[in-house]
Every structure is written in C-alpha cells, then in structure tokens.
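Order-wise, the sequence lines are chains A and W.
Here my numbering is used: the first residue of the first sequence is 1, the next is one more, and so on.
Here my numbering is used: the first residue of the second sequence is 1001, the next is one more, and so on.
Each residue gets a CB set at the ideal place from its N, CA and C atoms; glycine is no exception.
Since the model is a prediction, treat every value here as computed from it, not as a measurement.
Structure first, then comments.
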Amino acid sequence: MSTVPISYYLALSGILFGLGVVAFVFKRNIITIFMSIELMLNAVNLAFVAFARALGQLDGLVFVFFVIVVAAAEVAVGLAIVIMLAQNRESLNVERMNLLKF
Amino acid sequence: MSVQLLMFFACALLAVGGAVVLILAREPIHSALALILVMVSLAVLYLLLGAPFIAAVQIIVYAGAIMVLFVFVIMLLNAGVEERTDYSKIAKFAGVPLAFFLLLEIAHWLYHAEAGAAIANGAGAPQEAASTYTLSELLFRQYLFPFEATSILILIAILGALVLARREE
C-alpha cells in the first residue's frame, strides 16, 4: 500500500523537529515558544507512526495517543501559567521575565 | 512517480513551509495559523501511513482543541507584534556550534534508522491500514493501566489550570 520509503518520513520528522528547536530558541513571545514545543511533539509523533508502520506493530500508535493526551494536559496548564505571567508582568516577552536570572 | 509519493511531497512541503512561517511571522496569531497548517498536513501523512484513527485524533484534539485554546489565549491577552531583542554572547559562541552538532546527530540517526527500517520492512510487516478495532484492543487490554492513569493526569491538569487562572480574591 505504502510506496513512500519510511526514511522519507523520518527525514521530515527530523526537519520539523529541527525547525521546532530553532523556533524555540529564536522566538521571543512566550506563546510562540509554547507553540514550537507543540511542533516538536508533532515531529516526534510522525516518527512514532512511521516506525509503527515499518515494524508492523500498533504499539507506536498507542504511544502517539498518549503523547497527544499529555500534550493536551500540558497546554491546559501551560496556558494558565502564561495568562498568570501576562497579568503579573504585563508583557509576553521572555526577556522581561528575568526575576530568577542570576 | 506514484500518487502517494506526490501526496507525501505535497504534505511535507506544506508542513515544512508552515513551520518556517511559524518562525518568521511577527504576529503570534499568524504563527498559530501556520501551526494549524502543519498539524493538518501531518494528519494527511498519518492517513498515508495507514493510521486513520490517529489522523482523526490529530485533527480533533490538536487542530481542534489545542489550537483553539492557543488562539483563544492570544486574543484574550491581545498579543501584538513580537519585540526583537539582542541575543546573548553565550548563544552566539556556544549555541551555534551546539545547534550544528544537534543537526549532525539527527542526520547520523536518520542514516542508521534507514538501515534498521529496511530490515524491518523485509521482516514482513502487515501493510494494510491499522484498524481502529485492533488499536482499541491494544489500548484497552495491554495498555489499560496507562490509559486509566491519563484520566487522573487530565483531572490534575484541569484542577491546575483552574487554580492558576483563577482571579485573586
């Protein structure tokens, strides 16, 4: 059924993860940094599904399911923290959040 | 070139393009819309990989619930154009070489994963789509305990979000 080599999916997964890391490092808005974490999680999910396909085992798909559930919980708590930060510091720039910085 | 390969390259191009737009966009709302594009094209890739259930969950939970939450918070906080600030010297002298090493390691990993996956392909994997029935049997038998544990996780997340976002009396 699938004529696309599995390595293509893995390469795409690696590229997306790398772009997620770049976004995480270069963005200054805390919400966008959060979104780049989601991008990295998505890249890992793609690798999971590709390996599940290559090995013929469905366990990888169950792992993707759990990753999505944990990501949903993480976003719920994380965005609540972002709202708190925005109300307290009146800015979304991570450079301004240097209270614990040495 | 087969239809599936064409489909793969179209979706891969959309996903990578969306990720690049996420990085380049100055407005957070544009980044959010680009991320939705990435997630939808990844759902199509899951369909190509024979995982229709995961594709549906991807659309419903990620593109639906999570991104709606993001867009909602962006509008609630009225997030405007992102400020640009100078980067630290450590980032320049340690970050760039480390990023290069990370890319090198990912390339190395991909090269070896290709060989491993080729062996696995030869082992005779079932090539039909993973049915939701078989997936649910796995989820509710072998992985029943982790599945139940996620319900507690979600409960804690709801409580945490409520406590954090509550207005101070």
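query = Which residues mark the beginning and the end of the alpha helix (DSSP H) in which leucine 1045/W is found?
reply = As a position in the second sequence, residue 1045/W is number 45, starting the count at 1. DSSP places leucine 1045/W in the uninterrupted alpha helix (DSSP H) bounded by 1028-1048.
ask   = Quick one, which of Ser1041/W, Ala1019/W, Ala1107/W has its alpha-carbon nearest glutamine 1058/W's?
value = For this step, residue 1058/W is matched to residue 58 along the second sequence. Of the candidates Ser1041/W, Ala1019/W, Ala1107/W, the one whose C-alpha sits nearest the C-alpha of glutamine 1058/W is Ser1041/W.
ask   = Hey, out of Phe48/A, Phe34/A, Leu79/A, whose CA is closest to valine 67/A's CA?
value = As a working mapping, residue 67/A is identified with position 67 in the first sequence. For the residues Phe48/A, Phe34/A, Leu79/A, the minimum Cα distance to valine 67/A belongs to Phe48/A.
inquiry  = Tell me the rounded alpha-carbon separation between glycine 14/A and leucine 1159/W.
reply    = One-based indexing of the first sequence puts residue 14/A at position 14. One-based indexing of the second sequence puts residue 1159/W at position 159. In this structure, the straight-line span from the alpha carbon of glycine 14/A to that of leucine 1159/W is close to 35 Å.
query = With 8 Å set as the bound, which would you pick, yes or no: does the beta-carbon of leucine 100/A sit closer than that to a beta-carbon of chain W?
reply = The count along the first sequence starts at 1 and reaches residue 100/A at position 100. Leucine 100/A does not count as touching chain W.
key: Assigned exposure category for lysine 101/A - 16 Cβ within 10 Å defines buried   = Here residue 101/A refers to the residue found at position 101 of the first sequence. Lysine 101/A should be labelled exposed.
request  = Assign valine 82/A to one of two classes, buried (16 or more other C-beta atoms within 10 Å of its C-beta) or exposed (fewer than that).
outcome  = Within the first sequence, the letter at position 82 stands for residue 82/A. Its Cβ being crowded by 16 or more others within 10 Å, valine 82/A is buried.
inquiry  = Just to confirm my understanding: we take tyrosine 1046/W, look at its own chain, exclude 5 residues before and 5 after, and list those with CB closer than 8 Å. What are they?
reply    = Taking the first residue of the second sequence as 1, we reach residue 1046/W at position 46. Apart from sequence neighbours up to five positions away, the residues of its chain that approach tyrosine 1046/W with a beta-carbon distance below 8 Å are Pro1052, Ile1054, Ala1055, Gln1058, ordered along the chain.
ask   = Any idea what DSSP makes of asparagine 93/A, helix, strand or coil?
value = Numbered from 1 along the first sequence, position 93 holds the residue referred to as residue 93/A. Here asparagine 93/A sits in strand by DSSP.
query = So leucine 1035/W and methionine 1067/W are in contact, right, with Cβ under 8 Å, and what is the actual spacing, rounded?
reply = In the second sequence, the residue the question calls residue 1035/W occupies position 35. In the second sequence, the residue the question calls residue 1067/W occupies position 67. 7 Å between Cβ atoms; contact.
request  = Rounded to whole angstroms, what's the CA-CA distance from leucine 1077/W to phenylalanine 34/A? Just pull it up for me.
outcome  = Stepping through the second sequence from its first residue, residue 1077/W is reached at position 77. Stepping through the first sequence from its first residue, residue 34/A is reached at position 34. In this structure, the straight-line span from the alpha carbon of leucine 1077/W to that of phenylalanine 34/A is close to 15 Å.
inquiry  = To the nearest angstrom, how far is the alpha carbon of phenylalanine 1093/W from that of alanine 1099/W?
reply    = Here residue 1093/W refers to the residue found at position 93 of the second sequence. Here residue 1099/W refers to the residue found at position 99 of the second sequence. Computed Cα separation, rounded: 11 Å.
query = Under 8 Å Cβ-Cβ, which residues of chain A neighbour isoleucine 1066/W?
reply = Within the second sequence, numbered from 1, the residue matching residue 1066/W stands at position 66. Those within 8 Å of isoleucine 1066/W in chain A are Glu38, Ala71, Ala72, Val75.
message = My assumption, with CB atoms under 8 Å, is that glycine 60/A sits in contact with serine 36/A. Please give the rounded CB distance.
response = The residue labelled residue 60/A in the question sits at position 60 within the first sequence. The residue labelled residue 36/A in the question sits at position 36 within the first sequence. Contact between glycine 60/A and serine 36/A does not hold, since their C-beta atoms are separated by about 24 Å, which reaches or exceeds 8 Å.
query = Should alanine 1094/W be flagged as near chain A, meaning a C-beta pair shorter than 8 Å?
reply = Locating residue 1094/W in the second sequence gives position 94, where the first residue counts as 1. By this cut-off, alanine 1094/W is not an interface position.
Where asparagine 98/A falls: helix, strand or coil (DSSP) = For this step, residue 98/A is matched to residue 98 along the first sequence. It is coil, neither helix nor strand.
message = Taking 7 Å as the limit between beta carbons, can you name the residues of its chain near leucine 58/A, skipping five residues before and five after?
response = To locate residue 58/A, count along the first sequence from 1; it is residue 58. Here the set comprises Ala52.
Lysine 1089/W, buried or exposed, once every other Cβ within 10 Å from all chains shown has been counted against 16 = Locating residue 1089/W in the second sequence gives position 89, counting from the first residue. So lysine 1089/W counts as exposed.
query = Would you say alanine 11/A and leucine 1110/W are within 8 Å of each other, going by their C-beta atoms?
reply = What you label residue 11/A is simply residue 11 of the first sequence in a count that begins at 1. What you label residue 1110/W is simply residue 110 of the second sequence in a count that begins at 1. Less than 8 Å separates the beta-carbon of alanine 11/A from that of leucine 1110/W.
query = Measuring CB to CB, does methionine 40/A end up less than 8 Å from phenylalanine 63/A?
reply = Numbered from its first residue, the first sequence carries residue 40/A at position 40. Numbered from its first residue, the first sequence carries residue 63/A at position 63. Their beta carbons are not under 8 Å apart, which means methionine 40/A does not touch phenylalanine 63/A by this criterion.
ask   = Anyone know if the C-beta pair for proline 1028/W and isoleucine 6/A falls short of 8 Å?
value = Translated into positions along the second sequence, residue 1028/W becomes position 28. Translated into positions along the first sequence, residue 6/A becomes position 6. Not in contact: proline 1028/W and isoleucine 6/A (Cβ atoms no closer than 8 Å).
ask   = Of the choices Val22/A, Leu79/A, Asn98/A, Phe26/A, whose alpha-carbon is the least far from that of methionine 1075/W?
value = In the second sequence, residue 1075/W corresponds to position 75, counting from 1. Comparing Cα-Cα distances from methionine 1075/W to each of Val22/A, Leu79/A, Asn98/A, Phe26/A, the minimum goes to Leu79/A.
Alpha carbon of valine 1081/W to alpha carbon of arginine 1026/W, nearest angstrom = To locate residue 1081/W, count along the second sequence from 1; it is residue 81. To locate residue 1026/W, count along the second sequence from 1; it is residue 26. Pairing valine 1081/W with arginine 1026/W, the inter-Cα distance amounts to about 6 Å.
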